[in-house]
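Visitor:
In the UniProt record's numbering, the protein residues as written are 1 to 823.
(1) For residue 120, I'd like the list of residues in its chain whose CB is within less than 7 Å of its CB, leaving aside the five on either flank, ordered along the chain.
(2) Between residue 129 and residue 637, what straight-line distance do the alpha-carbon atoms span, to the nearest angstrom?
(3) Taking contact to mean at least 3 C-beta pairs separated by less than 8 Å, is the region 606–618 in contact with the region 463–478?
(4) Quick one: what does DSSP say residue 651 is sitting in, helix, strand or coil?
(5) Reducing DSSP to helix, strand and coil, say where residue 466 ends up.
(6) Which residues bound the alpha helix (DSSP H) around residue 183?
(7) I need the DSSP call for residue 12, collapsed to helix, strand or coil.
(8) Nearest to residue 478 by CA position, among 443, 9, 679, is which residue?
(9) Between which two residues does the alpha helix (DSSP H) containing residue 828 stretch?
(10) Measuring alpha carbon to alpha carbon, tell me which residue in 758, 330, 820, 795 is nearest residue 172.
(11) Checking the sheet assignment: what are the DSSP bridge partners for residue 41?
(12) Consult DSSP for residue 780 and reduce its assignment to one of helix, strand or coil.
(13) From which residue to which residue does the alpha helix (DSSP H) around residue 305 run?
(14) With a threshold of 7 Å (Cβ to nearest heavy atom), would residue 143 be considered close to the ligand ATP?
(15) Identify whether residue 369 lies in helix, strand or coil by the three-state DSSP scheme.
(16) Would you kindly report the start and end of the unbroken alpha helix (DSSP H) that includes residue 703?
(17) Compute the Euclidean distance between the alpha carbons of residue 494 and residue 501, then round it to the nearest angstrom.
(18) Grouping DSSP H, G and I as helix and E and B as strand, with all else coil, what is residue 600?
(19) Label residue 193 either buried or exposed according to how many other C-beta atoms from any shown protein chain fall within 10 Å of its C-beta, with 16 as the threshold for buried.
(20) I'd like to know if the region 620–632 and the region 518–536 are in contact, where contact means that at least 3 CB-CB pairs between them fall below 8 Å.
(21) Determine the DSSP secondary structure at residue 251, reduced to helix, strand or coil.
(22) From residue 32 to residue 486, what does the alpha carbon distance come to, in whole angstroms?
(23) Whether or not the region 338–348 and the region 287–298 are in contact is what I'm after, with contact meaning three or more pairs of Cβ atoms, one per stretch, closer than 8 Å; do they touch?
(24) In terms of DSSP beta bridges, what is residue 626 paired with?
(25) Hey, out of 795, 691, 320, 706, whose CA is closest to residue 368's CA?
(26) Taking the continuous alpha helix (DSSP H) assigned at residue 218, which residues delimit it?
(27) Between residue 506 and the rest of its own chain, which residues show a CB-CB distance below 6 Å, the 5 nearest in sequence each way excluded?
(28) What distance in whole Å lies between the Cβ atoms of residue 126 and residue 40, which are believed to be in contact at a cut-off of 8 Å?
(29) Determine the closest residue to residue 745 out of 760, 721, 768, 729, with distance taken between C-alpha atoms.
(30) Specify the secondary structure class of residue 753 as computed by DSSP and reduced to three states.
(31) Measure the C-alpha to C-alpha separation of residue 760 and residue 55 and round it to an integer number of angstroms.
(32) Beta-carbon within less than 6 Å of residue 703's beta-carbon, same chain only, minus the 5 sequence neighbours each way: which residues are those?
(33) Around the C-beta of residue 227, are 16 or more other C-beta atoms found within 10 angstroms, so that it is buried, or is it exposed?
(34) In whole angstroms, what separates the C-alpha of residue 734 from that of residue 118?
(35) Using the rule of at least 16 other Cβ atoms within 10 Å of the residue's Cβ for burial, across every protein chain shown, is residue 49 buried or exposed?
(36) Using beta-carbon positions only, say whether residue 382 and residue 275 come within less than 8 Å of one another.
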C-alpha cells in the first residue's frame, strides 16, 4: 500500500503569526499556543514542561503553568488532523516531530545569500512585519527577551539586505531604484536612521536638497512623537551640509584622469555683477574696501539662498555666478531675484551698480569663464549709474526673462565689448519670475486631461478628497496640461494655484505664503500696512490667538525680525491655521489645489503638503502636484491617489503639435529634422520651430534650449571627455570600442558609466551600442567643445582607428580632415 504523503506545515512569524497546513490557512491559535508553536519550531530539541511553564508563566505556580501548557499542547495537536500531531510529547518533555515537514519564513528569510540580489528580493517579500509583531508578551520576563533577541536578528538582517539592494541599484546607476529600496527600508524600520541617511544622500546626489531636508524633518518628528528619540549624528551632519551648501553633491565620485588633459568645454552661465558706484578713474582702494564691506556679506547670503556662487575680482567687482559650479536652467531668473533682493536688504547709504548678462561660455580648469562674458557684465553694471534696479543685456531680456512691463524698462546707450555692440536696458521693478506657458492647443494629452477632469467630478459628487501626481521631465508639457485642466473644470470648482520656484527653495512655505498674501490683499502694501491688514483679516475669520498672530507675522516676513522664533517649535499650529482658512473660510466649496513644480518646493511646503494629504479625504479637494521626479515619500499619504506619467510625443503627435504653432508653415523636411532632433519633447520642438520662424537655421540650437541642455550635460561633467568623443564620432558606440579609446577604464567601469548616463537622461541603448538620447544633446556637446580641443580629439580618434577593427578609410580621412593643421 502506498504511504500517504505528509503535507507541509508553513509557519509565518515575520509579522503577525499565521499557520498554513496542506495549502489552507488555519484559524489563528490563541495566544499561548501561538507562542508555544513559534518557540518549539525555532528552538530545536527537547524542552521540559517545567521550563516551558516558567518561560510563559513566570509568576504562577509550576503546577498551574504546566496545566496551561498542557492545554496549549492539546490545541496544537489538532493541527495535523488525520496526519497526526506535529509535536511529540511525554509526561515531562516536549519537542517538534522530526518526521513532520515544518517550514518557517524565519529560517527562509535568514538563509538568503547576501551577494545574490534575486535571493534578497525573495527574502524581503517574506517580511510582512517585525518578528511576532503583535505577540511580544508583557513588559519583562524571559519570553519578551527571547522575542526581542529574535526580532533584532531579523531587523539587522533586513537592514543588511536593503542596504545591499540600495548599493546594487547605485552601482547600476539606477538612483530611482535605490530610492525605492530606501523608502521600503524606511517604511519597514521607521525608528532607525539608516534608511533616512540613504534617502538624503540619494536625493542630494540628484540635486533635490529640499526634499532631503523634508525627509529629515519628517524623520525627526516621527522619532520625537512616536519613540521619544532624536536623529543620530550622521544624518544631522548631512542636514547641516545641505543647509550650508544646498546644491552640493554628497556622493561625489573619485576623480579620474581625463583624456588629453583636463577638458575645456562650454556651458551656459549667468553673472550678476555688483560694482562700486563711481567712474572707473575715480575708483580708489578705500572705495573698493568700503564697497566690499557693504556688499560682500549680503551677496554671499543671497547667493546661498538662490543657488549661486560669489567671487571678488581685483577691481572690487563682486560677481555672483549661476550655472558655473552647478548648472541651472533658470540662471537669469535667479540672478534677477538676487539683484532685487540685494536692493531690498541693502543698508541705507550704500549704493552700487548692478548688471546681469548670460552666455554660453568656455570654462577653464579653474572653473572660470573664458571670453567676453565678464567684461560685458561689468560694463552693464557700470552703466547702472543711478544705482537703482539692475541693467540687463538685450540677449538676456529677449531670450531668458519672462515678459517684462515696458514701463519698467529704460533703453540705455549701447556699449562695445571686443567689437560687439551690446544693447542695454535698465529694469527698475522686479518682474514676475513665473514661467509663461504657450497658448497652443492641447496635443497628445487628451487621456490625461480626461482622467483629471473625471477625478474632479468625483470630488464634486462624493465630497471626498483625492490626489493626482503628474510626473514628467522638464519641457514635457506639465504646465500646458494644467492650464487646460483649469479651463475644463466642472462648474463651481475653485482653482487654487501655488507655484514652487527654485530660487525660493530655502524660503519657508514660499508657495503658500505667496498665495495667502495675494488672497488677503497684501501685495503692494508696505510692511506696516501689511501687518495691520493681516491682523485685521485674522480677526475677521476668528483667529484671536496671539500665538497664531505671531506665527503668521513671522511666516510672511512681517515680524519684528527674521529669527523665526515661533515657527521652529509651533509650525504644526501654523499648518492647522492655514489649512483651516483655506478649507473653511476662503474656499468652502469643491476646489482644485495645484502645487506646480513641487520638485522645487522647500522642506516646509513638503511638510505642510504631507499634513494636508493626511486629512484630504475629509474635504472636497483635488490636490494636483506636478513634478519632474517621483516623490515616493509623499505617495500613500492620501486615501485616494493616482499617478500620471507624461510620456514624450511620438512622431505623429510631434507633427500635429508643430501644426498648432501660430505662424508655422508646413515643411515636411524641416518637420522631420525637428522631430528627429528633439526626441518628442514639446518644449524643444516649440523653441526650435519658433527660432526657424524668426529666421534661424534649422540646424542651429537656440540659446534658450542651450540653457536647458547644459543642465543635463553638467550631470555627467566627470565623464565629459567620453561625451565629447562620442559627440565627435556622431554614431552609436560600443563599450569595447570605448575601451580602446579610454584604456584607463575597465569594461565594467564603462558599463557602469553607460548606465549612469542612461539614468541621467543623456544616453540610450541602441542594440549593442550606446548613443545620445537625442540629436540636440549630441549637438550641444559637440558645439561646446572648444575648437582646438575638437581638433585634438578628431586627430586622436583618427589615430586610434588606423589599423584597428573599426578601420574605415573614409571615416579616418574625415577625422584627419576635421583635425586640420594639428596633424
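Glycine included, every Cβ here is placed at the ideal spot set by N, Cα and C. Treat the numbers as computed from the prediction; the structure is a model and nothing was measured.
Guide: Well, looking at it:
(1) 112, 114, 161, 164, 165
(2) 19 Å
(3) yes
(4) helix
(5) strand
(6) 175–188
(7) strand
(8) 443
(9) The question about residue 828 has no answer, for the chain in this structure spans 1 to 823.
(10) 758
(11) DSSP lists no partner for residue 41.
(12) helix
(13) 285–306
(14) Ligands displayed in this structure: none; no statement on the ligand ATP is therefore possible.
(15) strand
(16) 703–714
(17) 23 Å
(18) helix
(19) buried
(20) no
(21) In this prediction, residue 251 scores a pLDDT of 42, lower than 50, which makes its location untrustworthy; no coordinate-derived value is stated.
(22) 60 Å
(23) yes
(24) 470
(25) 320
(26) 209–222
(27) 305
(28) The Cβ separation is near 20 Å, so there is no contact.
(29) 721
(30) helix
(31) 57 Å
(32) 399
(33) exposed
(34) 28 Å
(35) buried
(36) yes
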